[in-house]
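Peer 1:
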Amino acid sequence: MHISQNFKHGAAAGVCTQLLFLAAVLSAVQGSPTCYLTNTTISAEKDGCPYCVTTVATICSGSCLTKDKVFKSVLSPMNQRICTYQEIRYESIRLPSCPPDVDPFYTYPVAVSCECSMCKTEYTDCSFRSLGPDFCSTKTLFR
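The sequence shown lines up with residues 1 to 143 when you count with my numbering.
(1) What are the partner residues of Ser97, as DSSP defines its beta bridges?
(2) For Cys64 and Ile82, which I take to be in contact (beta-carbon distance under 8 Å), what is that distance rounded to the nearest angstrom?
(3) Can you tell me the Cα-Cα spacing of Val112 and Phe135, whole angstroms?
(4) So, using beta-carbon positions, are Ser106 and Val56 closer together than 9 Å?
(5) Distance, Cα to Cα, Pro96 vs Val102?
(6) Taking C-alpha atoms, which residue in Met118, Glu115, Cys60 lies nearest to Thr41?
(7) Taking all protein chains shown into account, do 16 or more other C-beta atoms lie within 10 angstroms of the C-beta of Thr84, making it buried, or fewer, making it exposed?
(8) Since Cys126 and Cys116 should fall inside the 8 Å C-beta cutoff, what is the C-beta to C-beta distance between them, to a whole number of angstroms?
(9) Using a threshold of 9 Å, state whether the C-beta atoms of Tyr51 and Thr138 are closer than that.
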């Protein structure tokens with residue numbers, strides 16, 4: 001009888017250890033960064049300038065934990081969180097062959113850090129579908 005009690009106690013301890021390990025793994029997976037900095041090719045162009053120049057910029061990419069309501073109402077606010085800029089800086093690129101009356105510099109945001117939050121329409125395209133960041137409507141020059 002003493003042996004079976006030790007066996008039950010040992011088995012229970014083993015199950016507890018496995019559950020703790022599983023909880024730690026799940027916590028690590030859920031806590032891992034899914035919203036992160038990454039480099040991508042963007043296109044710089046301006047009305048009046050004959051060329052589009054591609055360059056590499058740092059953007060935020062990834063996904064964020066979100067919930068979608070089963071019962072939607074126009075009265076209830078949407079609060080879907082997206083992977084967006086937490087901090088940005090601006091860089092400029094000179095576009096070639098622009099006429100004298102056109103400013104040849106194209107300024108664009110560069111991500112310094114990212115976060116999961118509401119879409120900031122001041123400097124983020126929040127549309128469901130949009131043109132890719134490397135879309136050009138004029139002749140392309142590669143950098």
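Just so you know, even glycine gets a beta-carbon here, dropped at the ideal spot from N, CA and C. It should be emphasised that the depicted structure is a prediction, and the values quoted were computed from it without experimental measurement.
Peer 2: Judging by the given coordinates:
(1) Walking along the sequence shown from the start, residue 97 turns up at place 97. DSSP output for Ser97 lists no bridge partner at all.
(2) The sequence position of residue 64 within the sequence shown is 64, counting from 1. The sequence position of residue 82 within the sequence shown is 82, counting from 1. The beta-carbon separation of Cys64 and Ile82, rounded to 6 Å, stays under the 8 Å limit for a contact.
(3) The sequence position of residue 112 within the sequence shown is 112, counting from 1. The sequence position of residue 135 within the sequence shown is 135, counting from 1. Rounded to the nearest angstrom, the two C-alpha atoms are 23 Å apart.
(4) Within the sequence shown, numbered from 1, the residue matching residue 106 stands at position 106. Within the sequence shown, numbered from 1, the residue matching residue 56 stands at position 56. Just to set this straight, residue 106 is Tyr in the shown sequence, not Ser. For Tyr106 and Val56, no; Cβs fall outside 9 Å.
(5) In the sequence shown, counting from the first residue as 1, residue 96 sits at position 96. In the sequence shown, counting from the first residue as 1, residue 102 sits at position 102. One C-alpha to the other measures close to 11 Å.
(6) If you number the sequence shown from 1, residue 41 lands on position 41. Residue Cys60 is the option with its Cα nearest to Thr41.
(7) Start at 1 with the first residue of the sequence shown, and residue 84 comes out as number 84. Answer is buried; the Cβ neighbour count reaches 16.
(8) Translated into the one-based positions of the sequence shown, residue 126 becomes position 126. Translated into the one-based positions of the sequence shown, residue 116 becomes position 116. Going by Cβ atoms, the distance from Cys126 to Cys116 rounds to 14 Å, so no, they are not a contact pair.
(9) Reading the sequence shown from its first residue, position 51 is the one you call residue 51. Reading the sequence shown from its first residue, position 138 is the one you call residue 138. A distance below 9 Å separates the beta carbons of Tyr51 and Thr138.
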